[in-house]
Amino acid sequence: MRSVRLAHPADFDGWRDAARALDAAEVPPEEVVWRVGDEAADLFAGEAPPGARPQGGERRVPRRFVELARLLVCHRDEERFARAYGLLRRLRDEPHLLAVASDPDVARAAQMEREVRRAMHKMKAFVRFRQVTPMPGDEAETFVAWFEPEHHIVDEVAPFFARRFASMRWSILTPLRSAHWDGRTLSIAGGAGRDDAPADDRLEEVWRTYFSAIFNPARLKVRAMRSEMPRKYWHNLPEARAIGPLIRSASDRTQRMIPDPSTRNEPEREPRNEETAMEERASLEGLQECRRCPLYRDATQAVGGEGPGQARIMMVGEQPGDQEDLAGRPFVGPAGRLLDRALIDAGVARESVYVTNAVKHFKFFVRGKRRIHQKPDHSEIEQCRWWLDIERELIRPELIVALGASAAFSLMRRTVTIKSVRGHIMDGPDGASLLVTVHPSYLLRLPDEAAKASEYRRFVDDLRLAA
Ligand code: URA
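Take 34 as the starting number for the sequence shown in my numbering and just add one per residue.
So, in structure tokens, the structure goes:
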């Protein structure tokens with residue numbers, strides 16, 4: 034028997050070094066005991082020192098395996114290190130093993146990976162920082178959060194918080210690992226107790242208000258929100274006090290926002306009741322776990338579309354901006370306000386329109402304290418078309434309005450200039466009609482007031498055509 038002792042519960046680097054050495058020495062998985070931390074006795078002290086470098090050339094493994102192993106070792110399954118090593122050994126003779134979804138080892142690994150990703154998403158969404166009194170002489174504001182993750186994910190998720198809250202000093206305390214950011218360096222240390230985190234502060238009210246504002250049952254995400262916020266997190270979330278009343282009123286509010294199909298003259302459509310519409314919304318649930326392109330890494334969350342399940346018009350923008358990324362709703366920032374005004378001027382009720390984006394994660398770079406919008410590239414738009422296609426399938430609009438070139442590229446599957454296609458109704462995907470117009474942020478960027486006014490009028494004319 035060989036025994037490997039890893040430094041902490043999700044010690045991927047330690048596992049990788051040991052696994053390389055064991056694999057080079059052809060040690061079968063059943064002869065390895067994986068342990069964590071400094072437990073006293075080591076019954077099986079073995080000859081395979083973790084970290085020993087294999088002789089000769091290193092064995093190459095598929096990149097997908099490295100990604101998978103990285104998340105597997107974060108799972109709370111006690112066999113996680115052994116499972117990852119078992120797969121590594123099998124890949125030697127079965128290089129395409131990971132593609133065999135029916136294999137029990139692969140299936141279990143895939144399930145563990147999904148569970149870890151889900152836990153990581155929850156941590157990103159549900160960590161709540163509370164402000165604490167700074168140390169004497171310390172000017173920086175300091176924040177502390179207490180969180181109880183379902184898996185050993187602190188090391189994986191901490192870099193996200195370091196990017197997201199780069200200008201704050203913060204600590205995230207959890208029972209097994211804690212992350213600390215001093216504004217420059219991220220360090221990970223041992224666990225902490227619930228009482229090490231402050232219990233209350235002035236941020237509470239802000240969170241509760243924010244949460245009530247984003248809890249909108251007409252949004253595709255309402256189901257996800259209910260199912261993703263397990264009760265066990267509620268006691269750490271100030272806004273959770275708002276959940277009960279909001280859920281109780283959700284059904285009423287949804288009913289009001291989804292038009293009765295019987296009042297609509299659309300014989301070719303199957304009438305759908307509220308329950309069906311809600312079910313359909315649920316099928317966007319995987320959105321928060323989406324890893325189809327790298328944009329999920331820095332965004333706060335994916336932003337799905339919003340609007341009635343039976344909207345006749347779907348509007349597609351480019352991607353969420355800074356405010357949409359924080360609020361989790363499309364078109365709530367300056368471009369959204371301009372769109373609202375133009376819709377009113379065109380005689381279209383925004384509540385009757387389903388509004389979404391070609392790309393669901395905010396793409397940006399950081400300049401000082403600001404996050405500056407970056408245009409998504411074609412491959413990101415193509416990857417995200419998966420979600421737009423689902424939304425089109427759920428809503429089945431009669432008309433899709435593409436706002437700007439990115440949306441037009443997504444819907445027309447080719448690059449077009451707005452000038453060449455603008456302002457007339459064309460055949461769109463799956464029998465819907467398509468109208469292409471400018472993006473409202475184009476109007477916001479125009480420097481000249483006269484041009485702004487005339488372009489705004491043209492934009493309203495296009496929306497009137499949609500109406
Ligand atoms: N711009 C977009 O394209 N979509 C939004 O949701 C916000 C700004």
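Virtual Cβ for every residue (Gly too), placed ideally from N, Cα, C. Note that the structure is a prediction, hence the values are computed from the model and not measured.
- With contacts defined as CB atoms closer than 8 Å, Ala-435 and Val-381 fail to qualify as a contacting pair.
- Scanning Ser-211, Gly-216, Glu-181 for the CA closest to the CA of Ala-195 turns up Gly-216.
- Contact between the segment 116–135 and the segment 156–165 is absent: fewer than three C-beta pairs spanning the two stretches fall below 8 Å.
- For Ile-458, the three-state secondary structure derived from DSSP is coil.
- For the options Leu-427, Leu-432, Ile-405, the alpha carbon positioned closest to that of Met-459 is the one of Leu-432.
- Look at Leu-468 here: in three-state DSSP terms it is strand.
- Of Gln-343, Glu-339, Phe-398, Phe-397, the smallest CA-CA separation from Gly-369 is found for Glu-339.
- Residue state for Arg-400 is assigned as strand, using DSSP reduced to three classes.
- Two segments are said to touch when three or more pairs of C-beta atoms, one from each, lie closer than 8 Å; by this definition the segment 176–185 touches the segment 197–207.
- For Gly-369, the enclosing alpha helix (DSSP H) starts and ends at 367–379.
- Rounded to the nearest whole angstrom, the C-alpha separation of Leu-421 and Ala-51 is 44 Å.
- Exposed is the label assigned to Ser-135, since fewer than 16 other Cβ atoms lie within 10 Å of its Cβ.
- Beta-bridge analysis with DSSP links Val-69 to Leu-39.
- Going by DSSP, Gln-164 is part of the beta strand (DSSP E) stretching over 163–165.
- For Pro-61, the shortest C-beta to heavy atom distance toward ligand 1 is 7 Å or greater.
- C-alpha of Pro-341 to C-alpha of Asn-390: approximately 16 Å in a straight line.
- Of the residues Pro-480, Val-37, Asp-110, Gly-224, the one whose Cα lies closest to the Cα of Ala-54 is Val-37.
- In the three-state reduction of the DSSP assignment, Glu-148 falls in the helix class, which pools H, G and I.
- Every beta strand (DSSP E) stretch that sits fully inside the segment 321–351 and reaches 3 residues is listed by chain position as 346–350.
- Judged by their CB atoms, Asp-56 and Leu-121 are nearer to each other than the 8 Å cut-off.
- At least one heavy atom of ligand 1 falls within 7 Å of the beta-carbon of Phe-364.
- DSSP places Ala-441 inside the alpha helix (DSSP H), whose first and last residues are 438–445.
- Counting only the Cα atoms, Asp-378 lies some 23 Å from Ala-440.
- Sequence-distant Cβ neighbours of Ile-414 in its own chain, meaning closer than 8 Å and more than five residues away, are Ala-391, Val-392, Ser-439, Phe-442, Ser-443.
- Ranked by how close their Cα comes to the Cα of Lys-408, the residues Pro-62, Ala-117, Ser-474, Ile-346 have Ser-474 in first place.
- Straight across, the Cα-Cα distance linking Phe-398 with His-406 is about 7 Å.
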